[in-house]
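Order-wise, the sequence lines are chains A and B.
Per the working numbering, the first sequence starts with residue 3, numbered consecutively.
Per the working numbering, the second sequence starts with residue 10, numbered consecutively.
C-beta: ideal position from N, C-alpha, C; glycine also.
Encoded as structure tokens, the structure appears first; notes follow it.
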Amino acid sequence: MRLTPLNLRSMYLVNNQRPKNGRRATRVPFPFNGCLPLKLRDSVSGKSEKLQSNPCVQEMFVMFSCFKKNDFDQALCSKEIQTFEACHLNHLTNEKRKKEQERRGVMVPGEKRLAHKQLNHLLGRYKQPV
Amino acid sequence: MATGVRVLFNDFRVPLRSWLTVNSAWGQVTGRARYSQYPPAYIKPVYLPAKLEELERSGDAKQLEYTPVRAAYNTHTSSVFHDPLVRKFTNHIMKTGNKCLARELVEKAFQEVKRVQLQKRNTAETEEEKEAIVCDPLKIFKQAVENGRPVLQLVPIKRGGVKYQVPVPITDHRSYFISMRWLKEAGREKERTIHFPEKLARELLAAARNEGRVVKKKQDLHRQCEANRAYAHYRWS
């Protein structure tokens with residue numbers, strides 16, 4: 003017979019038998035009783051979301067190559083610097099917009115990746131039954 | 010827009026970037042308040058006469074008539090001599106709240122700049138040379154700050170017990186701050202006989218010409234960023 007926690011528990015309760023162990027004193031067998039509720043949470047944690055990626059790496063590299071060519075003379079690389087700054091500004095405005103959307107719970111239908119706040123909005127609408 | 014001053018010195022080519030746009034961002038009327046003693050509805054006071062006129066012209070003044078206003082700073086004046094960048098710089102130089110001394114030092118530095126430039130102008134021979142020499146210390150200060158602004162910064166990121174210096178884009182505000190900090194530090198360099206205002210004046214003139222300690226520091230930073238460009242590629246999580 004397979005020695006499962008449930009079987010061991012029933013053997014103990016019915017026959018007053020504890021599992022045999024020559025090395026140590028046996029404990030009273032008990033099955034998993036579920037101290038925590040056996041249901042999923044209605045929220046997602048946002049800890050793994052903070053992917054600190056370096057934005058505008060391509061523009062940065064283009065700027066660096068221009069710098070190297072002109073011995074770090076900023077006046078001759080003004081176009082590359084401007085594109086780099088524009089990319090960074092664009093990134094910042096996008097981040098701000100996304101954050102505001104997350105805060106309000108606005109979601110674009112058909113979006114592949116949702117932030118944890120948006121997911122929590124959705125999960126809150128369809129909660130786990132008690 | 011910023012079309013007024015373009016070429017100041019003979020060897021200088023970079024035009025005044027984004028200062029006016031940054032200025033408008035700093036002079037916001039409304040905005041989300043963070044850690045303020047005022048409730049969010051309280052707006053910042055508009056003290057620049059030009060901005061007031063603009064508000065009246067566009068009709069926004071009527072909307073703001075009955076909104077509560079925060080108390081104005083003593084340093085935010087509608088005087089002709091008021092300049093926000095100079096104000097920021099003075100505050101940065103100030104130590105332990107001695108605004109009197111900080112303002113004196115900055116004003117003396119500007120006086121010194123003007124003296125030097127006037128001397129150059131009076132000793133210049135041709136009319137063209139005289140025209141080319143800028144005597145306005147405010148213009149020189151702004152140019153110096155612009156020339157000292159770095160384009161990107163190094164951020165220490167710890168991975169596997171090692172701290173890597175990663176090149177990362179920089180915001181406008183921070184770049185202005187770093188430039189002003191370098192100017193202040195250059196003015197505090199070790200020379201016991203020469204006092205801060207004179208040293209600062211020297212550094213301002215040098216930086217406006219794209220020479221000197223501040224510009225060298227900026228270029229060194231750029232060089233180090235370029236040397237560390239390999240670290241920028243990784244996806245830091």
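Between M13/A and chain B, the shortest Cβ-Cβ separation is not below 8 Å. Of all residues in the region 56-73 of chain A, the ones placed with a Cβ closer than 8 Å to any Cβ belonging to chain B are N56, P57, C58, V59, M62, F63, M65, F66, F69, K70, in chain order.
For Y173/B, there is no enclosing alpha helix (DSSP H); the residue is found in the beta strand (DSSP E) stretching over 171-178. For the pair C79/A and F69/A, the CB atoms are nearer than the 8 Å cut-off. Taking the beta carbon of H118/A as reference, no residue of chain B falls within 7 Å; the closest one sits roughly 15 Å away. Counting of Cβ neighbours within 10 angstroms places R29/A among the exposed residues, the total staying below 16.
CA-CA distance, Q126/B to R115/A, rounds to 60 Å. Beta-bridge pairing by DSSP links K167/B to K172/B. Beyond the five residues adjoining it in sequence on each side, E198/B comes within less than 8 Å, by CB distance, of K208, R222 in the same chain, given in chain order. A distance below 8 Å between beta-carbons, with the five flanking residues on each side excluded, links P54/B to the following residues of its chain, in chain order: V78, R79, A80, A81, H85. Using a Cβ-Cβ cut-off of 8 Å, H90/A counts as an interface residue toward chain B, since at least one Cβ of chain B sits closer than that to its own. Separation of K41/A and N35/A (C-alpha to C-alpha, rounded to the nearest whole angstrom) is 14 Å. When 7 Å is used as the limit between beta carbons, R232/B is near these residues of chain A: F74, in chain order.
K52/A and V160/B have their C-alpha atoms roughly 25 Å apart. By the Cβ test, the region 104-119 of chain B is not in contact with the region 178-192 of chain B, since fewer than three Cβ pairs between them sit closer than 8 Å.
Rounded to the nearest whole angstrom, the C-alpha separation of K60/B and H182/B is 21 Å. Closest in C-alpha terms to Q233/B, from the list H204/B, T202/B, P176/B, comes P176/B. Around the C-beta of H91/B, fewer than 16 other C-beta atoms lie within 10 Å, and the residue is accordingly described as exposed. Chain A has a Cβ within less than 8 Å of the Cβ of R238/B. At a cut-off of 8 Å, the C-beta of V175/B has a neighbouring C-beta in chain A.
Burial state of F32/A is exposed, judged by a 10 Å Cβ sphere holding fewer than 16 other Cβ atoms. Look at I142/B here: in three-state DSSP terms it is coil, with no helix or strand label. Judged by pairs of C-beta atoms under 8 Å, the region 147-163 of chain B touches the region 224-231 of chain B, as three or more such pairs exist. Taking the C-beta atoms as reference points, F66/A is found nearer than 8 Å to R238/B. A buried status is given to E82/A, since no fewer than 16 other beta-carbon atoms sit within 10 Å of its beta-carbon. Contact with chain A is absent for V154/B, since none of that chain's Cβ atoms lies less than 8 Å from the residue's Cβ.
Per DSSP, N9/A is one residue of the alpha helix (DSSP H) stretching across 7-17. A distance below 8 Å separates the beta carbons of L121/A and V46/A.
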